[in-house]
Amino acid sequence: MMNEFERHIRGIQEILEQIDLDYSRMIFYQNKVRRPMTYPQVLREKFDEFAYLMVEKLKNYEEQCRSYHENSINDIKKFSLTKD
């Protein structure tokens, strides 16, 4: 029967084995060579899709910034009014 110390050691071994497997997978996929797309139509379609998504993300980010700024100003106004 394993005592508590041995169980902890086994648990650490299992975690280390999992980390090693994850690291091995990561190295494998990092070393795979990606072939570039060579079809002009595919490149254009992917770029258009990418550009559209980036514009949408930037619009969303701008809206979040404006909202945060507005809320910050309102909080400052509330704080300054309650101090008086």
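Using numbering that gives the first Met the number 0, read the sequence shown as starting at 0 and increasing by one per residue.
Every residue, glycine too, gets a C-beta built ideally from N, C-alpha and C.
Alpha carbon to alpha carbon, how far is residue i from residue j?
i      : j      : result
Leu-15 : Asn-30 : 22 angstroms
Lys-56 : Leu-80 : 36 angstroms
Asn-70 : Lys-58 : 18 angstroms
Tyr-22 : Lys-76 : 52 angstroms
Asn-2  : Asp-19 : 26 angstroms
Leu-52 : Phe-78 : 39 angstroms
Reducing DSSP to helix, strand and coil, say where residue i ends up.
i      : result
Asn-2  : coil
Arg-33 : coil
Tyr-38 : coil
Quick one: does the C-beta of residue i sit closer than 8 angstroms to a heavy atom of the ligand NAD?
i      : result
Tyr-60 : With respect to the ligand NAD, the structure offers nothing, as it holds no ligand at all.
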